[in-house]
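These notes are about the structure you will find just below.
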Amino acid sequence: MISRVAGCCFWMHRYVERAENLCRLLKVNRSFLLDVPEGVADRWFPLIIVSGEQERFAELHPPPAGDDGEIVEAYLTWEERSPVSVITSMRWARENARTTREVISLEMWETLNDLWVDLSRGKARRRYDTDRDTFYKRLRDGCDLFLGLSEQTLLDEEPLDFMRLGMWLERASQTARMLDVKHHTLGPSRADRESPVELAQWSALLYSCSASEAYYKRVPSKPDGRSIAAFLLQDPALPRSVLGCLLRARATLERIRTEGRPELGDEPAALLDGLIDRLRTRDIDTIFGQSIHDELTNAIDTTAAICASIDRAYFDPGDQSALLVAS
Amino acid sequence: MASTRRAVRDDGRDSKQGARGSGKVRDVSEKRRTDERRSDERRSERRAEKHRGAEKSAKAPVFAGYEPLPGGCYDELFAGAGKARPAIAPVVRQLDQLGEHEVRFRQRLADGAFLQSGITFRVYGDPRGTEKIFPFDVIPRIVGAKEWDKVEKGLEQRVRALNLFLADVYGEERVFKARNAPVSEAIVKGSTGYLAKMRGIRPPGPKHVDPTYVHVAGIDLVRAPNGDFLVLEDNLRTPSGVSYVLENRLVMKRVFPGLFAKVKVRSVDAYPQKLRDGLMSLAGEDSTLAVLTPGHYNSAYFEHSFLARRMGSMLVQGSDLFVHDDRLYVKTTKGPRRIEVLYRRIDDEFLDPTVFRPDSLLGVPGIVQAYAKGNVVLANGLGNGCADDKGVYPFVPDLIRFYLGEEPILGQVETYHCSRPDHLSHVLANLEHLVVKAVDASGGYGMLFGPRSTKKERKDFAEQLKAAPRGYIAQPVVELSTCPTLTKKGVAPRRVDLRPYVVTGTSTWVLPGGLSRVALKEGSYVVNSSQGGGSKDTWVLASDDAASDAQEAGE
Numbered sequence: 001m002i003s004r005v006a007g008c009c010f011w012m013h014r015y016v017e018r019a020e021n022l023c024r025l026l027k028v029n030r031s032f033l034l035d036v037p038e039g040v041a042d043r044w045f046p047l048i049i050v051s052g053e054q055e056r057f058a059e060l061h062p063p064p065a066g067d068d069g070e071i072v073e074a075y076l077t078w079e080e081r082s083p084v085s086v087i088t089s090m091r092w093a094r095e096n097a098r099t100t101r102e103v104i105s106l107e108m109w110e111t112l113n114d115l116w117v118d119l120s121r122g123k124a125r126r127r128y129d130t131d132r133d134t135f136y137k138r139l140r141d142g143c144d145l146f147l148g149l150s151e152q153t154l155l156d157e158e159p160l161d162f163m164r165l166g167m168w169l170e171r172a173s174q175t176a177r178m179l180d181v182k183h184h185t186l187g188p189s190r191a192d193r194e195s196p197v198e199l200a201q202w203s204a205l206l207y208s209c210s211a212s213e214a215y216y217k218r219v220p221s222k223p224d225g226r227s228i229a230a231f232l233l234q235d236p237a238l239p240r241s242v243l244g245c246l247l248r249a250r251a252t253l254e255r256i257r258t259e260g261r262p263e264l265g266d267e268p269a270a271l272l273d274g275l276i277d278r279l280r281t282r283d284i285d286t287i288f289g290q291s292i293h294d295e296l297t298n299a300i301d302t303t304a305a306i307c308a309s310i311d312r313a314y315f316d317p318g319d320q321s322a323l324l325v326a327s
Numbered sequence: 328m329a330s331t332r333r334a335v336r337d338d339g340r341d342s343k344q345g346a347r348g349s350g351k352v353r354d355v356s357e358k359r360r361t362d363e364r365r366s367d368e369r370r371s372e373r374r375a376e377k378h379r380g381a382e383k384s385a386k387a388p389v390f391a392g393y394e395p396l397p398g399g400c401y402d403e404l405f406a407g408a409g410k411a412r413p414a415i416a417p418v419v420r421q422l423d424q425l426g427e428h429e430v431r432f433r434q435r436l437a438d439g440a441f442l443q444s445g446i447t448f449r450v451y452g453d454p455r456g457t458e459k460i461f462p463f464d465v466i467p468r469i470v471g472a473k474e475w476d477k478v479e480k481g482l483e484q485r486v487r488a489l490n491l492f493l494a495d496v497y498g499e500e501r502v503f504k505a506r507n508a509p510v511s512e513a514i515v516k517g518s519t520g521y522l523a524k525m526r527g528i529r530p531p532g533p534k535h536v537d538p539t540y541v542h543v544a545g546i547d548l549v550r551a552p553n554g555d556f557l558v559l560e561d562n563l564r565t566p567s568g569v570s571y572v573l574e575n576r577l578v579m580k581r582v583f584p585g586l587f588a589k590v591k592v593r594s595v596d597a598y599p600q601k602l603r604d605g606l607m608s609l610a611g612e613d614s615t616l617a618v619l620t621p622g623h624y625n626s627a628y629f630e631h632s633f634l635a636r637r638m639g640s641m642l643v644q645g646s647d648l649f650v651h652d653d654r655l656y657v658k659t660t661k662g663p664r665r666i667e668v669l670y671r672r673i674d675d676e677f678l679d680p681t682v683f684r685p686d687s688l689l690g691v692p693g694i695v696q697a698y699a700k701g702n703v704v705l706a707n708g709l710g711n712g713c714a715d716d717k718g719v720y721p722f723v724p725d726l727i728r729f730y731l732g733e734e735p736i737l738g739q740v741e742t743y744h745c746s747r748p749d750h751l752s753h754v755l756a757n758l759e760h761l762v763v764k765a766v767d768a769s770g771g772y773g774m775l776f777g778p779r780s781t782k783k784e785r786k787d788f789a790e791q792l793k794a795a796p797r798g799y800i801a802q803p804v805v806e807l808s809t810c811p812t813l814t815k816k817g818v819a820p821r822r823v824d825l826r827p828y829v830v831t832g833t834s835t836w837v838l839p840g841g842l843s844r845v846a847l848k849e850g851s852y853v854v855n856s857s858q859g860g861g862s863k864d865t866w867v868l869a870s871d872d873a874a875s876d877a878q879e880a881g882e
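Residue numbers (our numbering), protein chains in the order written: chain R, 1 to 327; chain V, 328 to 882.
In structure tokens, the structure reads:
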């Protein structure tokens, strides 16, 4: 497929996945805070931190705005100047879809267009003001419908593979960010002394990854932070775990390589393999605590490097006439 | 555990089907669809009832109060108040019987459908990239079968002649050497669309047929007061709008399903396939076709994407392409891939920075050389601008006679070319009755609209004319025909034009109908979408007899 278009496919799914995750996080954080006594935790600002938006947010909303849930929520949902807000992600998801209309299906386009029309024409804004949980749920449902439709309406070929690749990599990075919220809210965890508030937050994180029920199936004993962190970080069967997402991204990249010129994907494949190995072999008992934050930061940074490497290999290849001479 | 779950699901499905008393899923869904339509219709009736004023009768016919404009301008549907044109009268009656409120309701459905499907165009100069819906009027413009057949023949003839003309201008130049040359060399070569660099280059294609320059033509037509279609303008470079024709029809079928079942309207759906076939007929069987767009910020991007989708081709931008060894390639995730046919929607001057504008980022360096070597079909051909130039337009009827030895089937608007001294003196003497246009300008620039000009404006313009007579043509004011259109105050006459599309590969095909643009403002002649214009579906009847059948069936 055309290099540029492959990039649009990749980014379209990244943006939808990003918006979807942010909706999860915002919704769960709200309900988590209802259980937390005032003053115990840094309540909203961690969401800004894990989104990498401290500087821009501080410019637009000088402290102590970061303590104000309304401001943080509005920023992460509606701020068009933020590159990661829900509205920005949805705008760019649709823009990429518009650019690849000849690749995606009518159903996918209509779903994304409906979501955008709803968001940009005031109706959703009123829902946000009056019934916020429904607002986030609708958006999430729309995003999930879109992602599901791509599996159901597209040929199981290259364009879909690039969409999946974007989705898995974005999801890996988002789950890592979600896990990091804990670090920024309540500080480093200690396995031997876990407060009820900490446990509540670990449970909230499970919930934002739609992983509570799966966790109870996996871990029959009393829930604790350590096993929840291990589950969300390392369980290969969990579709939102960092490792699980990376493994799926790796398999997708392999499909792309085998069907095309394998050597084009050598660099991103090597980077992915490195990160997967590292996560797989880390012992949760040694990293739980302070160094889990470093581990997550590494995962987020390496995922960004993988995306940049995919971009160079497939989406922005520069001069291809060398390949022509070679063949 | 998994198997239990599957069993439950299967049970559920079975019992559902059992309850409906049908084993066939398709039957159920079809029934549901009919039910839905019926309930839609009932709902729309209830709505209509709610909005209906007490004084209005239950089913006020659509055209009850309709009166064509006085003053002899042609109305597309009515010969006079209450008198539908005979060839299309049965269809007009079908529409009429729906009632105005029903039609208004369907109009709202149509507007919703356009928004939902995201069929929009970009408004230039808006940093936020606002998109607008192209306004659409649900009352169709209806053309009888016989009169369309004549238009079709006329268009085919005109395009055939223009193709031969272009091949000649860039080839032997017979036209300039003939004893009674139908057009002067100076006018053709003085046109901004003439590309001297194309001399001697034969567009790629089979050698046994005349070369094709005009793969897609949009020939703008207007209706004279006597009902004749006249050519107003030829568009032989990158005519746009055809996607609206196809989308308009889809939406019309969605909001008037019953009507389409009763009336036989010629289908427009074949266009993308015909375009694909036409373009591919000029290259080898297993060639690759791509559509070249300037990008998604272009106002016609929707159309570029639409056509690529419907032709099953790639949609590329200049930066996706490169030329190596005089062959055109697209950069793909699996390395370069050769392209043999390019339907380009970029103007000539932006196509190749090594040949034309060096600052163009939209084009592909070296593509003209690949074209000259016969390695890529470019549609439309390069240099077509000298054939649809306003300065050449007055001579097209003579070109038809010259190349084909036939009389033109379609008339055109009487035009004075100021380069001819006798025409110039006539124009100068009658400025207040004429529209004077600069040949190398479009969009209403460099123009004098005589009847609405001041004495001073005419005096100034006369000076310009005398200084550079070759740069101007003049035409009498064209009375555009009108078509009944839904307005806030009821159904009223609004001006329309028509752009049919003509596709030529090794043979020519004319899309039945075309884009009917309508000036939605009362009294306006401006049909452009940027200035308050909208569009209508154009119905060409399968046959005039079929229309009479429908009349019998409907009664």
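Just so you know, even glycine gets a beta-carbon here, dropped at the ideal spot from N, CA and C.
- The beta strand (DSSP E) runs lying completely inside the segment 376 to 432 of chain V and spanning 3 residues or more are 405 to 407, given in chain order.
- Rounded to whole angstroms, the gap between the alpha carbons of I727(V) and E734(V) is 7 angstroms.
- When the five nearest sequence neighbours on each side are left out, the beta carbons in the same chain lying within less than 6 angstroms of the beta carbon of Q696(V) are those of D653, in order along the chain.
- Per DSSP, reduced to three states, the secondary structure at N298(R) is helical.
- With a contact defined as Cβ atoms closer than 8 angstroms, V704(V) and I694(V) miss out at about 12 angstroms.
- Distances from the CA of T175(R) to each of R56(R), L25(R), I104(R), I276(R) were compared; the closest alpha carbon is that of L25(R).
- When only Cα atoms are considered, V28(R) and Q201(R) end up about 10 angstroms apart.
- Taking a contact as a CB-CB distance under 8 angstroms, the pair L205(R) and L243(R) does not count as one, their CB atoms being some 16 angstroms apart.
- Contact annotation: the segment 157 to 169 of chain R touches the segment 248 to 265 of chain R, with at least three C-beta pairs closer than 8 angstroms.
- Around the beta carbon of G52(R), a 10 Å sphere encloses fewer than 16 other beta carbons of the protein chains shown; the residue is thus reported as exposed.
- Beta-bridge analysis with DSSP links S862(V) to F463(V), R844(V).
- Cβ atoms of P509(V) and F722(V) come within 8 angstroms of each other, at about 6 angstroms.
- Look at D438(V): its C-beta is not under 9 angstroms from any C-beta on chain R.
- Minimum Cα-Cα distance from G187(R) among the listed residues A304(R), E20(R), R43(R) corresponds to R43(R).
- If you look at V549(V), you'll find it in the beta strand (DSSP E) that goes 543 to 550.
- Not a single C-beta of chain V is nearer than 9 angstroms to the C-beta of E213(R).
- The contact set of T99(R) on chain V, defined by CB atoms closer than 9 angstroms, consists of G622, H623, Y628, S632, L642 in chain order.
- Counting the other Cβ atoms within 10 Å of the Cβ of H631(V) gives 16 or more, which makes it buried.
- Around the beta carbon of N21(R), 16 or more other beta carbons sit within 10 angstroms, so the residue counts as buried.
- Taking the Cα positions, L731(V) is about 22 angstroms away from P827(V).
- Exclusion of the five residues before and after T134(R) leaves R127 as the residues of its chain whose Cβ lies within less than 7 angstroms of its Cβ.
- Scanning its chain for C-beta atoms nearer than 6 angstroms, with the 5 sequence neighbours on each side dropped, one finds around D871(V) the residues A414, G471, A472, K473, in chain order.
- Annotation for M774(V): V762, V763, K764, A765, A768 place their beta carbon closer than 8 angstroms to its own, counting only its chain and skipping 5 residues before and after.
- Bounds of the alpha helix (DSSP H) holding K601(V) are 598 to 607.
- Listed along chain R are V117, each with a C-beta nearer than 7 angstroms to that of L442(V).
- Assignment of T809(V) by DSSP, reduced to helix, strand and coil, places it in the strand class.
- Counting along the chain, F649(V) sits inside the beta strand (DSSP E) bounded by residues 648 to 651.
- Listed by position along chain V, the residues whose Cβ is nearer than 9 angstroms to that of R4(R) are V643, Q644, S646, D647, K658.
- CA-to-CA, the gap between R177(R) and C209(R) works out to about 11 angstroms.
- Less than 9 angstroms separates the beta-carbon of T831(V) from that of T539(V).
- With its beta carbon at least 9 angstroms from every one in chain R, G517(V) lies outside the interface.
- Burial check for H183(R): the Cβ neighbour count within 10 Å reaches 16 or more, so the residue is buried.
- At a cut-off of 9 angstroms, the C-beta of G662(V) has a neighbouring C-beta in chain R.
- Under the three-state reduction of DSSP output, D824(V) falls in the strand class.
- In this structure, the straight-line span from the alpha carbon of D114(R) to that of S241(R) is close to 30 angstroms.
- When the beta-carbon positions are compared, V854(V) and D464(V) stay at least 9 angstroms from each other.
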